[in-house]
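Chemist: Those sequence lines, one after another, are chains A and B.
Just so you know, full-length UniProt numbering puts 207 at position 207 of the first sequence, and the rest follows in order with no gaps.
Just so you know, full-length UniProt numbering puts 248 at position 248 of the second sequence, and the rest follows in order with no gaps.
Glycine included, C-beta positions come from ideal geometry on N, C-alpha and C.
Encoded as structure tokens, here's the structure I'll be asking about.
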Amino acid sequence: MKNVKTLAAIGLACSIFLAACGGNDGSTGKSASAKEDFVLSGNLAGDGSSTVAPIMEALVEEYAQAEKDVKVSVGVSGTGGGFEKFIAGETDFSNASRPIKDEEKEKLDDAGVEYTELKIAFDGLTIVVNKENDWAKNLTVEDIEKMWVEDGTTKKWSDIDPSWPEEEIIFYAPGTDSGTYDYFNEVILQDSDLVKSATLSEDDNVLVTGIKGDKNAIGFFGYAYYDANKDSLNAVSINDIEPNSKTIESGEYEPFSRPLFVYVSNAALKEKEALRNFMDFVIDNSAEMADAVGYVRLPVTEYDEAKKQLDSVK
Amino acid sequence: MDNNLLIKTNRRIVKDSIMKWLFGTASFLLIVLIAFLFYGIGADGVGRLNLSLFTNFGSRFPEQAGLKAALVGTLSLMAVVIPVSMFIGICSAIYLEEYAVKNKWTAFIEMNISNLAGVPSVVFGLLGLTVFSRALFLGNSILAAGLTMSVLILPIIIVASQEAIRSVPDNLREASYGMGATKWQTITQVIMPSSIGSILTGSILSFSRAIGETAPLIVLGIPVIIQFLPTGPLSTFTALPMQIYDWAKRPQPEFADVASAGIIVLLVILVTMNAFAIYFRNKAMKKLQN
Numbered sequence: 001m002k003n004v005k006t007l008a009a010i011g012l013a014c015s016i017f018l019a020a021c022g023g024n025d026g027s028t029g030k031s032a033s034a035k036e037d038f039v040l041s042g043n044l045a046g047d048g049s050s051t052v053a054p055i056m057e058a059l060v061e062e063y064a065q066a067e068k069d070v071k072v073s074v075g076v077s078g079t080g081g082g083f084e085k086f087i088a089g090e091t092d093f094s095n096a097s098r099p100i101k102d103e104e105k106e107k108l109d110d111a112g113v114e115y116t117e118l119k120i121a122f123d124g125l126t127i128v129v130n131k132e133n134d135w136a137k138n139l140t141v142e143d144i145e146k147m148w149v150e151d152g153t154t155k156k157w158s159d160i161d162p163s164w165p166e167e168e169i170i171f172y173a174p175g176t177d178s179g180t181y182d183y184f185n186e187v188i189l190q191d192s193d194l195v196k197s198a199t200l201s202e203d204d205n206v207l208v209t210g211i212k213g214d215k216n217a218i219g220f221f222g223y224a225y226y227d228a229n230k231d232s233l234n235a236v237s238i239n240d241i242e243p244n245s246k247t248i249e250s251g252e253y254e255p256f257s258r259p260l261f262v263y264v265s266n267a268a269l270k271e272k273e274a275l276r277n278f279m280d281f282v283i284d285n286s287a288e289m290a291d292a293v294g295y296v297r298l299p300v301t302e303y304d305e306a307k308k309q310l311d312s313v314k
Numbered sequence: 001m002d003n004n005l006l007i008k009t010n011r012r013i014v015k016d017s018i019m020k021w022l023f024g025t026a027s028f029l030l031i032v033l034i035a036f037l038f039y040g041i042g043a044d045g046v047g048r049l050n051l052s053l054f055t056n057f058g059s060r061f062p063e064q065a066g067l068k069a070a071l072v073g074t075l076s077l078m079a080v081v082i083p084v085s086m087f088i089g090i091c092s093a094i095y096l097e098e099y100a101v102k103n104k105w106t107a108f109i110e111m112n113i114s115n116l117a118g119v120p121s122v123v124f125g126l127l128g129l130t131v132f133s134r135a136l137f138l139g140n141s142i143l144a145a146g147l148t149m150s151v152l153i154l155p156i157i158i159v160a161s162q163e164a165i166r167s168v169p170d171n172l173r174e175a176s177y178g179m180g181a182t183k184w185q186t187i188t189q190v191i192m193p194s195s196i197g198s199i200l201t202g203s204i205l206s207f208s209r210a211i212g213e214t215a216p217l218i219v220l221g222i223p224v225i226i227q228f229l230p231t232g233p234l235s236t237f238t239a240l241p242m243q244i245y246d247w248a249k250r251p252q253p254e255f256a257d258v259a260s261a262g263i264i265v266l267l268v269i270l271v272t273m274n275a276f277a278i279y280f281r282n283k284a285m286k287k288l289q290n
């Protein structure tokens, strides 16, 4: 009997807690704007690429210091997953490590969602090999294509250059839902199949560990991951250009230097003062935050351009 | 003849000791595995187990990153899961055991409940996304995730509660009826007091599962970059497994240590809950014996 009472008490306590928490969620910008001293507030939701996540986290962290009453929450469902939520109208902005696809544009049109595309930083998709790999220092785009496109044969290093070891190449690649894979698909695969023997993982650390552990391994991921693991991995130069912040920013590191994007809903931008304020903050601070988390800043003119685009949404 | 018997006995003794070694090795391997896991996590994570881990939000600096939002989020999540799943779970178990007529229909329903207990959690995530997040417009709120997690563990609670109720001896029921008690009186005065211990044990173990599940939260799109605490059941939030998963994916090795510290916190919560489960079970056992 006593236990039944305890149980009832737990239940009651929980429901009281919930009820107490209830009330104040709905209040957004409006009540604040009525006050004399203007304080921004509101809930902003974003989702998208895990490649963009580190820079976004830095921006949200800094922004929370500046505007305590604006509550920004950002998910990391991947570029594709983020766009799905953006299309469904569940988010105010969407992070992407590739430009929006045509089919996604169509769906946004159908859903009546107008958006603005903002570039916030550069990332260099980096081809990496094992530290003990002393032969593949430089590859051409054709070499990479020959390696990574499935043609039914077993790929060996000696297929690329006869002087290289006659050993099987072990492939590691990001998962197909990631913007990084999409980008690689666009510049290298062009919708042909990726080698079937490749190990795919959504978690870039799995790729890092895999490549570290096998002399014959090759893989690719964002520059930030290479930057954090410089001591244990070798980056391959592409057409004699090695990836670093200079070559990525100048676009010399071709074709793997890619911009990172934030797509923001125009309707939400017009409706929520806090969103406009946050986006201004993003543009103003992206350069600094990009450097801080291992990405590459855009030229100043790009940020000015982004700012103009934001201001034109009225 | 005697000799033959001796050989047979010897064989049985040898077989016996082989089996003993086999089972012993199996248990030993398991313990070694767990010890390795604890050592690995402990060695990485203990250094980060300090106050700032609990008072800070997530950060791009691993040494400043904390799990305040995730911890509060997980506790709020459980504040939804515990009452909802226990209420519905125990009520259904009582209905199925005490009220429902035993026929093909109830057998069919019970079979489906048992099957649901084995459905992968991602499927429940998709259910939650379609029903709670989208159809009921709850988005990625605490309430949406809490209801999804409740549905996920309901089958386990129902099955555990049914077992508990079934194990109450029939002569107790009959004695109660014999004294003129109604069904409701019998349930509250006789059946519940003697089965609540096992019901709580089953329920608490399933809450541990709800705390550790990541897949449904990923499907619901629970965010991880968050710098505020939830303000109510409709607020967005993040949870411990999401936060740990996010840290474990970071390129900087320092974040792996923060992830380990997060895992230790999660483990402490789980062990505490399991300890409660054992406590309730022992208490109930004692009561039954008296």
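Distance, Cα to Cα, residue 59 (chain A) vs residue 72 (chain B)?
Modeler: 23 Å
Chemist: Just to make sure I have the definition right: I need the residues of chain A whose C-beta is within less than 7 Å of the C-beta of residue 16 (chain B). Which are they?
Modeler: The contacting residues do not exist; residue 16 (chain B) stays about 43 Å from chain A at best.
Chemist: By DSSP's criteria, residue 117 (chain A) is part of a beta bridge. Which residues make up the other side?
Modeler: A:263
Chemist: Per DSSP, which residues does residue 156 (chain A) bridge with? Please list them.
Modeler: The partner list for residue 156 (chain A) (beta bridge, DSSP) reads A:168.
Chemist: Kindly say whether residue 68 (chain B), judged by its beta-carbon, lies nearer than 9 Å to any beta-carbon of chain A.
Modeler: No, residue 68 (chain B) does not count as interfacial toward chain A.
Chemist: Would DSSP call residue 216 (chain A) helix, strand or coil?
Modeler: coil
Chemist: Please list, in chain order, the chain B residues whose beta carbon lies closer than 8 Å to that of residue 225 (chain A).
Modeler: Scanning chain B for C-beta atoms nearer than 8 Å to the C-beta of residue 225 (chain A) yields 251, reported in chain order.
Chemist: Would you give the residue range spanned by the beta strand (DSSP E) that residue 46 (chain A) belongs to?
Modeler: Per DSSP, residue 46 (chain A) is one residue of the beta strand (DSSP E) stretching across 42-48.
Chemist: Short check: CB of residue 95 (chain A) to CB of residue 42 (chain A), under 9 Å?
Modeler: Taking C-beta atoms as the reference points, residue 95 (chain A) and residue 42 (chain A) fail to come closer than 9 Å.
Chemist: Count the other CB atoms, across all protein chains shown, that sit within 10 Å of the CB of residue 24 (chain A); report buried if there are 16 or more and exposed otherwise.
Modeler: Here the model assigns residue 24 (chain A) a pLDDT of 41, short of 50, so the residue's position is not dependable, and the following value carries that caveat. Answer is exposed; the Cβ neighbour count stays below 16.
Chemist: Residues of the region 68-82 of chain A with a CB closer than 8 Å to any CB of chain B: list them in chain order, please.
Modeler: 71, 72, 73, 74, 75, 76, 77, 81
Chemist: Can at least three beta-carbon pairs, one atom from the region 179-189 of chain A and one from the region 97-115 of chain A, be found at a separation below 8 Å?
Modeler: yes
Chemist: Quick one: is residue 25 (chain A) near chain B, going by C-beta distance under 9 Å?
Modeler: Summary for residue 25 (chain A): the model assigns pLDDT 40, below 50, so the residue's position carries little reliability, and this model does not support an answer.
Chemist: Would you verify that the beta carbon of residue 301 (chain A) is, or is not, closer than 9 Å to some beta carbon of chain B?
Modeler: no
Chemist: Considering only the alpha carbon of each residue, which of B:243, B:225, B:35 lies closest to residue 214 (chain B)?
Modeler: B:243
Chemist: Within 10 angstroms of its Cβ, does residue 112 (chain A) collect 16 or more other Cβ (buried), or is it exposed?
Modeler: exposed
Chemist: Using the rule of at least 16 other Cβ atoms within 10 Å of the residue's Cβ for burial, across every protein chain shown, is residue 92 (chain A) buried or exposed?
Modeler: Residue environment analysis places residue 92 (chain A) among the buried positions, since at least 16 neighbouring C-beta atoms fall within 10 angstroms of its C-beta.
Chemist: Could you tell me which residues DSSP puts in a beta bridge with residue 284 (chain B)?
Modeler: DSSP lists no partner for residue 284 (chain B).
Chemist: Along chain B, in chain order, which residues have C-beta atoms closer than 7 Å to that of residue 293 (chain A)?
Modeler: Neighbours of residue 293 (chain A) in chain B, taken as residues whose beta carbon is under 7 Å from its own, are 60 in chain order.
Chemist: Taking just the CA atoms, how far does residue 256 (chain A) sit from residue 159 (chain A)?
Modeler: 23 Å
Chemist: Quick check: what's the CA-CA separation for residue 65 (chain B) versus residue 266 (chain A)?
Modeler: 33 Å
Chemist: Could you check the C-alpha separation between residue 120 (chain A) and residue 135 (chain B) for me, to the nearest Å?
Modeler: 34 Å
Chemist: Whole angstroms is fine: what's the gap from residue 79 (chain B)'s alpha carbon to residue 284 (chain B)'s?
Modeler: About 24 Å.
Chemist: Within 9 Å of any Cβ in chain B, is that where the Cβ of residue 57 (chain A) sits?
Modeler: yes
Chemist: Would residue 46 (chain B) count as contacting chain A if we go by Cβ distances under 9 Å?
Modeler: no
Chemist: Residue 252 (chain B): buried (16+ other C-beta within 10 angstroms of its C-beta) or exposed?
Modeler: buried
Chemist: Return helix, strand or coil for residue 15 (chain B), following the three-state DSSP convention.
Modeler: helix
Chemist: Can you pull the chain A neighbours of residue 212 (chain B), defined as C-beta to C-beta under 9 Å?
Modeler: Neighbourhood of residue 212 (chain B) in chain A, by CB distance below 9 Å: empty, with the nearest CB roughly 18 Å away.
Chemist: So with CB distances below 7 Å, who are the chain B contacts of residue 85 (chain A)?
Modeler: 221
Chemist: Given the structure, does residue 39 (chain B) come close to the ligand FMN, in the sense that its CB is under 8 Å from one of the ligand's heavy atoms?
Modeler: Among the ligands in the structure shown, none appear at all, so the ligand FMN cannot be discussed.
Chemist: Taking Cβ positions only, does residue 112 (chain A) come closer than 9 Å to chain B?
Modeler: no
Chemist: Checking 9 Å against the spacing of the C-beta atoms, do residue 42 (chain B) and residue 222 (chain B) come in under that value?
Modeler: no
Chemist: Mind pulling the chain A residues with CB within less than 7 Å of residue 224 (chain B)?
Modeler: 75, 76
Chemist: Going by Cα to Cα distance, which pick from A:229, A:78, A:131, A:62 is closest to residue 71 (chain A)?
Modeler: A:62
Chemist: What do you reckon, are the CB atoms on residue 173 (chain A) and residue 140 (chain A) nearer than 9 Å?
Modeler: no
Chemist: Under the assumption that residue 85 (chain B) contacts residue 153 (chain B) (Cβ atoms under 8 Å), give the Cβ distance between them as a whole number of angstroms.
Modeler: The Cβ separation is near 5 Å, so the contact holds.
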